[in-house]
Each structure stands twice: as C-alpha cells, then as structure tokens.
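Counted the way the numbering used here counts, the sequence shown spans residues 268 to 429.
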Amino acid sequence: MITGHIDHLAAAGLARPLHDALVQALRENPAQKQPDSYTLDGERLFMNVMTLTTQPPQEKKAELHRAYIDIQLLLEGSETIYYGLAESARQLEEWHPEQDYQLCNDIHNSQSLTLEPGMFAIFMPGEPHKPGCHDTRREPLKKVVIKLHRDALLPGDKRLLC
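Take a look at the structure:
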C-alpha cells in the first residue's frame, strides 16, 4: 500500500505509471462527474466515480484484485480503509475473474488509514483492503477508484520512476 496527497505527488515517490494514471484521471475532473465508470485508456486504465455512505468495518468485507492496481482517491468526506499485506486475506470467498475481485471476511494483522479529501491510497494486486469504513458514524463520501492494469508496471520503460 502506498499513500499520499494529490497536492504533493512528487513527494510520494510513485512509479511513473502510477503517477501518470493519477494525473490522467485528475485531468478528467472526477469530482464533477456523476457516479459511473469512465474509460481513460481502454482496458489498461479506467476510473470508477462513486458515492457511498461509510459503514462500521464489522459490516463490510474486504476485497482484493489480481489484474488491476486500485488507486483510491477521496474527493469528499472522510473514510477509514482497513488493509493488509499480500497473502493476509483470510476466509476467502469465490473469485470473480470477469470483475477482477474476491471478497474476504478477515485480514490478518490489519492496519488502518483514514483518508481526507485529496488523499489517495494505492493497493497492489493481492493486497486486501476494506474501504468505505468509519468507526463512529455513517458519513456520505465521494471518491474515484482509478484502475491501472498491473502490466503497466512491467519493466520495459526505462522511466519507471518519477
């Protein structure tokens, strides 16, 4: 998991494909878009703009992906994301290859991160994460989840780092 703020992208030390995916999504002004999925570069890069109400973590399941990197950028509200290392997902449910997700009921040794508007969290394939949580209250939020195919990080581009 990598975290940072869009006002300080250079300080995040992101690999160039991650940095460029964030910049490309921000150019589309996701805060002004209606909830929906938007293609940015075919199946390689797209974004899902969503609104939801936070829930207590015990009411939610964690998710993980295999093909796509999740770049979760909070636009409005506040949310806590519980997450874990790769291979820390427990009590896994059925894998859904068409939608690239799997749910799990537990994250071994889970950690948490609270996002405020402008903050992002990046989850690599295999890293379980439970977004949209709040421990003390239900709160509406708006976010964009930028989906970058994992192949974007394969060696081949000499400029992988910003």
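Every residue, glycine too, gets a C-beta built ideally from N, C-alpha and C.
Consider the C-beta atom of A279 and the heavy atoms of the ligand SAH; say whether any pair is separated by less than 7 Å.
-> The model depicted lacks the ligand SAH and carries no ligand whatsoever.
Got a sec? Which residues, its chain only, sit under 8 Å from A334 by beta carbon, not counting five neighbours each side?
-> D367, P392, H416, R417
Using CA coordinates, which residue listed in E383, L370, S345 is at the minimum distance from G271?
-> E383
Just the C-alpha distance for T321 and G351, rounded to the nearest angstrom, thanks.
-> 19 Å
Tell me where the beta strand (DSSP E) around L421 begins and ends.
-> Taken as a continuous stretch (DSSP letters only), L421 belongs to no beta strand (DSSP E), as it is neither H nor E.
Using beta-carbon positions only, say whether W337 and Q358 come within less than 8 Å of one another.
-> The question names Trp, but residue 337 is Asp in the sequence shown. Contact flag unset, no.
Does the pairing of the region 286-302 with the region 404-415 give three or more beta-carbon distances under 8 Å?
-> yes
Using the C-alpha atoms, what's the distance from Q339 back to Q378?
-> 16 Å
Whole-angstrom distance between K410 and E361, CA atom to CA atom | 26 Å
When you compare only the Cα positions, how much space is there between K397 and K328?
-> 6 Å
R294 lies in the alpha helix (DSSP H); which residues open and close that run?
-> 283-294
Among Q299, L380, P395, which residue has its Cα nearest to the Cα of L370?
-> P395
Close-in-space but distant-in-sequence residues of the same chain around D402 (CB under 8 Å, 5 per side omitted) = P323, P324, T347
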